Amino acid sequence: METLDLLAQGILTAAAPVNLLYGFIGVLLGTMVGVLPGLGPAGAIALLLPLALHAPPLSYLIMLFGITYGAQYGGSITSILVNIPGEASSVITCLDGYAMARQGRAGPALGIAAFGSFIGGTFALFGLAYLAPALAEFGLHFGPPEYAALMFFGLTALVYLAHGPMDKALIMAFTGVLLASVGLDPVTGSPRFTFNLLLLRDGVGLTPLVIGLFGVSEVLLNLSQADGGEVFQKKITGLLPTRSDWKESAAPIARGSILGFIIGAIPGLNVVIASFASYAVEKKFSSQPEKFGAGAIAGVAGPETANNAASASGWIPLLSLGLPTGSVTSLIFGALMIHGLAPGPLFIKNSPEVFWGLLGSMYLGNVMLVILNLPLIGLWIRVLKIPYFALFPLIILFSIIGAYTAAGNIGDVFIVILFGVAGYFMKKFGYEPAPLVLGFVLGPLLETAIRRSMIMSRGSAAIFFQRPIAAAFMGLALLMLLSPLIAKRRLGRDVIDKLEA
Amino acid sequence: MKKEFLAAGFWLLFSAYTSLEALRLGLGNGNKPGPGFFPFGAAIAIGIIALSRLLRARGETPSTNMAGGSVTNETNKAPRSKAPRYLCEILRSPSTLLRQGCGGFSSPSSSQQAARYSAKENKILWAVGGLLAYALFLESLGFLLCTFILNALFLKAVAGRSWLTTLSFALSVALAAHLIFNVALRAQLPSGILTF
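Each protein sequence line maps, in turn, to chains P and U. Take 564 as the starting number for the first sequence in our numbering and just add one per residue. Take 124 as the starting number for the second sequence in our numbering and just add one per residue.
Right under this line is the structure:
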C-alpha cells in the first residue's frame, strides 16, 4: 500500500501545472522525433541537454522522460502509415501495421498501437514502482569493488547485445572511457590528453559530444542516404478498434506487457529486442500464423505493447543502481548529474520527490499520448510531409545553438562538428555510438571505483573476485565476453564458418 | 576488405598514440595507480582488438555490398538461423531500415547508385565545410549573418533548391532564430558586425 501511496503522490507532483507543461512538451517533442526518421530520442535529448541549467530539475527530467516514451508512439505512426519506422523499436510494426493500412484499416492499427502502448507502459510503471526501490535497497550494500564490477557488467552487457560485432562495440566502449579521461586526473589533478588547450582542461563535455554523435552525425548520414517512402494518402477513419479487434489483441497485449517489462529491465536488452521477441511469441501462439505479415492486428498489438513496457522498465537499472544501459539512459544519467542528483542506490532515498514524480509523470504522459495523439494523427501526417531540406538546417542550427549556449564557448561548437564527423564515419564503418557514450559516462565512475578498490586491496585485483556480489557481476561479464570464444571451441571453427556462410 | 582494414589500422594507431601518452603520464603501481593507469588499460584493450580485426581483415576477400551505408563484412553474411530473411536483416541493422523503409531490404547495386553515392558524399563535404566556416566566423561576423549564410549554403549547395527558396528560407530562419534566441531568450549569441 505504501508504494501505491507514494505513486499517487508522485502523480500529484507530476500534475503540478509547470510539470504538466514540461511533460506535455516532452511527449509532443517525443512523438515528433518518433515520427521524423531523421532524429531519434537520443538526438532530441542531446539537443535539449543545454536547457538543463535553466529549467527546474524535476520538470526538466519529466520532459526528457516524455521524449523517450513519446518517441515510441510516434515511431509506430510512421511504421503504420509510411512503412518507415521512425524508431528502431517500431521496425516490426511495419510488417502488419502497414499491411493493415493498405487494407484500409490504418485507424484500428493506430488505435490498438496507442492503447497497447498505454497498457504496456502502465503495467511496467507499476513493476518499476515495486522493483526499483527493492533493488536500490540491495544496492546499498555495494562498496567500490561491487560498483566497479557492476559498471563493468553494464558495459559488457551493452557491448554483448549491441548491433553488429562485439569487438567493434568494445572498441567504442574503450574509446568512450579514454575520452572521459581527457582533462584533470580526479586523484592527482595532473592534466591528461589536454594538448595544452584550455578548452580540454575540464574534459570533453557530454553535451557537445552527444550533440555531435547523435544530432549532426545523423544529419550527415541522412544526407548520404536514399529518400523516404510515400506518405499514406487515404483518409483515416475509425481509430477505435472494434470488439473483434480487441478480442484478437487482448492476449498479445497481456503477453507483450510482461515480456516487454522483463526484457527492458535486463541491462543490455532493449526496446527493439522486446518488440521482436513479442512478435515472435505472438506468431508462435497464433492459430493463424500465416496471417502475420499480411495485416494481423496481433502483430501490431503485441510488439507495440512490449516496446512501451520495455521503455518504462528500462529505467530500473538506472534509477535503482545508477547503471545506464544505453545511449538514452546515459544521457539521462548525464542530465541527473548536471542537476547534482547522483543516480545510484541512494537516489530514491535522497530524492524521493524526483523519483516518484518521474514515475507519476510517466503515467500522466501515457494518458496524454492516448488522448492527444489519436485526434492529432492528421497533424503527424502533415509533419511527415515536411521535406528534409527544411528540417536538416534546423537540426544543425539547434545543435550549434545548444552547444554554444551551454557554456558560451566556441570551442564546444568545434567539438560538436568533430564528433558529428566522427559519428558519421563510425556509423558508415559499422561502429555504433551507444557503447561510446556509455563508456564516456561510466568511465570516470569506473576509474574511481577501480582505483579505490585497488587501494583497499593494496594492489590486488583479486578483490573483484573475492567479494560475492562483485564476483557474480564479474563472472557474468566475463561469461558474456568469452561466450563467442566458447561457442567457437565447442562447435568447432568449421561449423561456425558453415553457419556464417 | 579495404574499409575494415583501414578502420582497424586507424584504431591501432590511435591505441599506439594513447598508450604512449598514458605511459608518459605515469602508470603508478597496484597500491597507488597513477593518472595514466586507467587510460593505458583502455588504450591497450583497443590495440589488441584492432590488431585482431586487422589480421582478420587481411585474410578476407573484398565485398561489394554498399547498401545502407554500413559497409561491414558482418552485414553481408547470410542469416544464420532459419528465421525469415527480413527478420535477420532488421535485427542486424535497424538503423539502416530507419532510413530506407521496410521496402528497402534488397541492395540495388549499379553504376547509377555509385554516381548517386558520390553526389551525396559531395553534399556531406559542403555541409561539413559550411559548419567549420560557421564555427570559425561565428564570433567575428555574428550569429544572424552566419546563420543566414549557413542556411543559404545548405539549401543551395546541399539541397539544390532555387535561389528564391534558398534566400527566403535562409532569411526567415536566421531572423526567427535571432528573435527567439537573442531577443526573447537572451541566449548571448555573438552579435558580431551587426550590432543589434
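For glycine and all other residues, C-beta sits at the position ideal for the given N, C-alpha and C. Remember, it's a predicted structure, so these values are computed and weren't measured experimentally.
With at least 16 other beta carbons inside 10 angstroms of its own, residue 305/U counts as buried. Within 8 Å of the CB of residue 300/U, the CB atoms of chain P belong to 960, 964, in sequence order along the chain. Taken through DSSP and simplified to helix, strand or coil, residue 156/U comes out as strand. Contact residues of the stretch 756-784 of chain P toward chain U are 756, 783, 784 (C-beta to C-beta distance below 7 Å). Among the residues of the stretch 977-993 of chain P, those with a Cβ less than 8 Å away from any Cβ of chain U are 977, 980, 983, 984, 987, 990, 991, 992, 993, in the order of the chain. Near chain P, meaning a CB-to-CB distance below 8 Å, the residues of the stretch 153-171 of chain U are 153, 154, 155, 156, 157, 158, 159, 160, 161, 162, 165, 166, 168, 169. Short of 7 Å from the beta carbon of residue 813/P, and not among the five residues preceding or following it, lies no beta carbon of its own chain. When the five nearest sequence neighbours on each side are left out, the beta carbons in the same chain lying within less than 8 Å of the beta carbon of residue 1012/P are those of 707, 708, 710, 711, 714, in order along the chain. In the same chain as residue 856/P, and ignoring 5 residues on each side of it, the C-beta atoms closer than 6 Å to its own belong to 658, in chain order.
According to the DSSP secondary-structure assignment, residue 754/P is paired through a beta bridge with 747/P.
Exposed is the label assigned to residue 129/U, since fewer than 16 other Cβ atoms lie within 10 Å of its Cβ.
Taking 9 Å as the threshold, the shortest C-beta distance from residue 310/U to chain P falls below it.
Cβ neighbours of residue 257/U within its own chain (closer than 6 Å, five residues either side excluded): 269, 273. Taking C-beta atoms as the reference points, residue 695/P and residue 850/P fail to come closer than 9 Å. Going by C-alpha positions, residue 720/P is about 7 Å away from residue 1043/P. In the structure shown, residue 589/P falls within a helical segment according to DSSP collapsed to helix, strand and coil. By the Cβ neighbour-count rule, residue 987/P is buried, with 16 or more other Cβ atoms within 10 Å of its own. 270, 274, 277, 278, 281, 282: these are the residues of the stretch 267-283 of chain U whose beta carbon lies less than 7 Å from some beta carbon of chain P, given in chain order. Beta-bridge annotation (DSSP): residue 151/U is paired with 156/U. Contacts with chain P at 9 Å (Cβ-Cβ) do not include residue 177/U. Contact between the stretch 172-182 of chain U and the stretch 772-785 of chain P is absent: fewer than three C-beta pairs spanning the two stretches fall below 8 Å. Its chain contains 604, 605, 608, 631 as the residues whose beta carbon lies nearer than 7 Å to that of residue 891/P, once the 5 sequence neighbours on both sides are disregarded; these appear in chain order. It is roughly 15 Å from the alpha-carbon of residue 628/P to the alpha-carbon of residue 681/P. If you ignore the 5 residues before and after residue 622/P, its C-beta comes within less than 7 Å of the C-beta of 581, 582, 585, all in its own chain and listed in chain order. Taking a beta-carbon distance threshold of 9 Å, residue 255/U counts as an interface residue toward chain P. Closest in alpha carbon position to residue 933/P, among 591/P, 947/P, 573/P, is 591/P.
Between residue 737/P and residue 165/U the beta-carbon gap is near 4 Å, inside 8 Å, which marks them as a contact.
For residue 572/P, the enclosing alpha helix (DSSP H) begins and ends at 565-577. Here residue 310/U carries a coil assignment [DSSP, helix/strand/coil].
Under the Cβ criterion of 9 Å, residue 659/P is not counted among the residues facing chain U. Contact between residue 250/U and residue 292/U is ruled out by a C-beta separation of about 16 Å, above the 8 Å threshold. If you draw a straight line from the Cα of residue 951/P to the Cα of residue 267/U, it comes to about 23 Å. A check of alpha carbon separations from residue 982/P across 1040/P, 593/P, 783/P, 868/P identifies 783/P as the nearest.
Excluding residues up to 5 positions away in sequence, 608, 612, 615, 623, 624, 627 lie with their Cβ nearer than 8 Å to the Cβ of residue 898/P in the same chain. Take the alpha-carbon of residue 822/P and the one of residue 688/P: they are about 14 Å apart.
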